[in-house]
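So the structure is just underneath, and the comments pick up after that.
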Amino acid sequence: MQGWYPLTSNPSRRVVVVGSGVIGTACSHFLTELGYEVTILDRADFGSQCSSGNCGNICPSHMAPLAEPGAVRHVVLSWLQGETAVFIKPRLDLSLLTWLYQFARHCTKRSMLDACRANHALLNQSRHLYEELITRFDLACEWHTGGNLQVFLKQKTLAAHDRKHALMAKEFSLSGQRLEGDELTDFEPALRSGLAGGWYYPSDAHLRPDRLLQSWRDSLNERGATIVEHLEVTGLATSGSTATHVITRSGDVAADHFVFTTGALTPKFSSQLGCRLPIQPGKGYSLTMRRPELCPALPVHFVDHNVVATPMDTALRIGSIMEFAGYDDRPNPDRLQALKSGARQYLQKLEEDPTEAPWCGWRPMTPNGLPRIGPCPIANNVYVAAGHNMLGMSMAPATGQLIAQMIDRRPLTLDPRPYAING
Numbered sequence: 256m257q258g259w260y261p262l263t264s265n266p267s268r269r270v271v272v273v274g275s276g277v278i279g280t281a282c283s284h285f286l287t288e289l290g291y292e293v294t295i296l297d298r299a300d301f302g303s304q305c306s307s308g309n310c311g312n313i314c315p316s317h318m319a320p321l322a323e324p325g326a327v328r329h330v331v332l333s334w335l336q337g338e339t340a341v342f343i344k345p346r347l348d349l350s351l352l353t354w355l356y357q358f359a360r361h362c363t364k365r366s367m368l369d370a371c372r373a374n375h376a377l378l379n380q381s382r383h384l385y386e387e388l389i390t391r392f393d394l395a396c397e398w399h400t401g402g403n404l405q406v407f408l409k410q411k412t413l414a415a416h417d418r419k420h421a422l423m424a425k426e427f428s429l430s431g432q433r434l435e436g437d438e439l440t441d442f443e444p445a446l447r448s449g450l451a452g453g454w455y456y457p458s459d460a461h462l463r464p465d466r467l468l469q470s471w472r473d474s475l476n477e478r479g480a481t482i483v484e485h486l487e488v489t490g491l492a493t494s495g496s497t498a499t500h501v502i503t504r505s506g507d508v509a510a511d512h513f514v515f516t517t518g519a520l521t522p523k524f525s526s527q528l529g530c531r532l533p534i535q536p537g538k539g540y541s542l543t544m545r546r547p548e549l550c551p552a553l554p555v556h557f558v559d560h561n562v563v564a565t566p567m568d569t570a571l572r573i574g575s576i577m578e579f580a581g582y583d584d585r586p587n588p589d590r591l592q593a594l595k596s597g598a599r600q601y602l603q604k605l606e607e608d609p610t611e612a613p614w615c616g617w618r619p620m621t622p623n624g625l626p627r628i629g630p631c632p633i634a635n636n637v638y639v640a641a642g643h644n645m646l647g648m649s650m651a652p653a654t655g656q657l658i659a660q661m662i663d664r665r666p667l668t669l670d671p672r673p674y675a676i677n678g
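Below you can see the structure in the form of structure tokens.
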């Protein structure tokens, strides 16, 4: 059934994008802008996976990867002390053990700064592109540009962040404002008094992810993109050095270019893509509840507990947690409870809400904290854009722009080498 879906009348401009999260959507957007005829295939509903339930932070300030000096010690202590910010399910899993070993090797200052440099480029470019996209295409997504606040329960944690900020300011000119005591509660009245302090980052922004994806989908439909939901891609067929079609349970879909934006599921295609993709699913959680009477005015990151609270027009979403439990998509009630108990240590009022909507999803985590963006060794017309860790929403526009420029053989806005796919 090759060519079961009539993709285009121009056989040199056909692109299949596998995955309809924010990365796949951004790739599709920039490809349609260059005149390509795009078909998006997804095994579930459009934009329903990790892109829908995250906290919607667009944060150039968050350039540092998880792999930083001292991270291994922190993770081990957190695990042994029963804290739920980071949880590793004990099991014999060679891919996870390999990933953890690689992660530990990247916990050096040099590796951290290399990752910061590459992330900084994607984050800043995406931040500028979001402004342009939301205005030009009238994307209704509750876009706010008021910045981001990181707050600290303990003086020790605040002091560690002071040192990190000084390094980021020196290396990347990161701008931020340190707040203590009454300064902090005057700045954000929803916070409890007695916190150690905070840092305000004015360049950050936030949006509502599900509404962004819906509005972006409408825009893609208007420009002729084809979206096929509930169609699982199971393979990729090649002829020589060229891919000819993807294989699905309902037939083959032919195209001239293929882009895999399959997030944490991308390693399942490793052998067919001809490359090693060191991506582990790091399960994240969120709860969306009615907007409380005393609600933060901007996203607040409760650093000691690794919990984020993002205000939305009619809701408050709290989220985070990092759970390495393989491809287990079942929500753990203890993790959801940890979100609320963590947030309550920082916010004055966070009442129980019987209408709250729980969510969990797999983040595509890489050991060095960098996404993989670029062509695959298996064929000259196959690309991957995956492994954005916790920053997919923040990095999507620049990623989509870069993939479109690669396919169209245009000059590249960013240096692609840090994100290269190894064979």
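Each residue of the sequence shown is one higher than the last, beginning at 256 in this note's numbering. Backbone N, C-alpha and C fix where the C-beta goes; we use that ideal spot for every residue, glycine too. The model shown is predicted, which means the values in this text are computed figures rather than measured ones.
Of all the options the options, which has the alpha carbon lying nearest to the alpha carbon of residue i?
i    : options                   : result
L602 : V273, Y385, Q405 and T489 : Q405
A641 : V271, R269 and I278       : I278
A322 : P652, L378, P586 and N623 : N623
S201 : N312, D437 and F358       : With the chain running from 256 to 678 in the structure shown, residue 201 is simply not present.
W398 : L594, S470 and P324       : S470
E438 : G276, S448 and S430       : S448
T543 : K523, D559, S267 and A612 : A612
D583 : E548, T517 and K344       : K344
Q410 : M423, L377, G453 and A395 : G453
L378 : A395, S350, L429 and D417 : L429
T440 : V293, G655 and L549       : L549
D369 : L625, A651 and A492       : L625
A598 : T481, R372, Q656 and P554 : P554
G401 : D473, C314 and V483       : C314
V558 : T363, A340 and L468       : A340
F524 : A421, D473, A451 and I633 : I633
R546 : E606, L532 and S350       : E606
A319 : T353, T294 and S366       : S366
H284 : S596, T481 and E443       : T481
A445 : P551, T668 and I573       : P551
S275 : W614, Y385, L475 and Q660 : L475
L352 : G581, T516, N587 and C631 : G581
P457 : D465, F442 and L450       : F442
Report the partner residues of residue i according to the DSSP bridge assignment.
i    : result
T227 : One cannot answer for residue 227 here, as it falls past the ends of the chain, which runs 256 to 678.
F579 : I343
A395 : None; A395 has no bridge partner.
W454 : Q405 and R433
H512 : V270
T521 : Its beta-bridge partners do not exist; DSSP assigns none.
V483 : L296
I573 : L542 and A564
D507 : I502
A679 : The displayed coordinates of the chain run from 256 to 678. Any statement about residue 679 would go beyond what the structure contains.
L602 : L446
So the alpha helix (DSSP H) residue i belongs to, where does it begin and stop?
i    : result
Q527 : S525 to L528
I389 : K364 to R391
A598 : P588 to R599
T412 : Q410 to F427
F358 : L349 to R360
L475 : P464 to E477
S306 : C305 to G308
Which two residues bound the contiguous beta strand (DSSP E) that contains residue i?
i    : result
A498 : T497 to T503
H556 : V555 to F557
P533 : Looking at the DSSP string, P533 is not in any beta strand (DSSP E), and its letter there is neither H nor E.
S494 : V488 to S494
T294 : E292 to L296
A564 : V562 to P566
For residue i, is the classification buried or exposed, using 16 other Cβ atoms within 10 angstroms of its Cβ as the cut-off for buried?
i    : result
G539 : buried
L262 : For L262, the pLDDT reaches just 41, beneath the cut-off of 50, and the residue's location in the model is therefore unreliable, leaving the point undetermined.
N635 : exposed
V273 : buried
D300 : exposed
I658 : buried
S526 : exposed
H375 : buried
G537 : buried
P566 : buried
R672 : exposed
T222 : Because residue 222 is not part of the residues shown, which for the chain are 256 to 678, the question remains open.
V563 : buried
S264 : With a pLDDT of only 44 at S264, under the threshold of 50, the placement of this residue in the model should not be trusted, and no figure is reported.
G302 : buried
A424 : exposed
L408 : buried
D589 : exposed
V501 : buried
Would you list, in sequence order, the uninterrupted alpha helix (DSSP H) runs of no fewer than 4 residues that lie entirely inside the stretch 608-677? 647-662
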